[in-house]
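Data first, discussion second: the structure below is written as structure tokens.
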Amino acid sequence: MIGKERAYLKKLAHEKKPLLQLGKEGLSESFLKELEYGLEMQELVKLDLLPGAGDKKLLLEQLLDKTRAEFISQIGRKVVLYRESSTLPREERLNPARKVR
0 MIGKERAYLK
10 KLAHEKKPLL
20 QLGKEGLSES
30 FLKELEYGLE
40 MQELVKLDLL
50 PGAGDKKLLL
60 EQLLDKTRAE
70 FISQIGRKVV
80 LYRESSTLPR
90 EERLNPARKV
100 R
């Protein structure tokens, strides 16, 4: 993903509210299932990493590994992830490559 595409997605994510909160339970099966669903239906997801969640860098690495999502940004406890949907119709997809050219 190039810088312009990432900037476009950051702009879209700015007004989004966090879809999920990651707390002391960590990356539970139910959390990952909800995150997978959110990525498939919305493509761009904002998460809130609560203080009790643990090491943010380690959690972020695990999230990216388990979801195959792309890291877009992190500001404080808020993290934005993107993954192109395989179920949304083409016209409903964000497709940042098409939007920035």
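Numbering that gives the first Met the number 0 puts the first residue of the sequence shown at 0, with every later residue one more than the last. The C-beta atom is built at its ideal place from N, Cα and C for all residues, glycine as well. Keep in mind the model is a prediction, meaning the values are calculated, not measured.
Sub-9 Å separation of residue i and residue j beta-carbons
i, j, result
"L48", "K77", "yes"
"L8", "V79", "yes"
"A68", "Y81", "yes"
"Q73", "L59", "yes"
"V44", "L31", "no"
"G22", "G51", "yes"
Under the three-state DSSP convention, the category residue i falls into
i, result
"L11", "helix"
"S84", "coil"
"K16", "coil"
"E42", "coil"
"S29", "helix"
Within-9 Å CB hit, residue i to chain B
i, result
"S29", "Here there is only one protein chain, and chain B is not present."
Strand pairing of residue i, partner residues [DSSP]
i, result
"D47", "Q20, K77"
"E69", "Y81"
- Task: Kindly confirm or deny that the region 85 to 94 and the region 26 to 43 touch, where touching means at least three C-beta pairs closer than 8 Å.
- Result: Yes, they touch.
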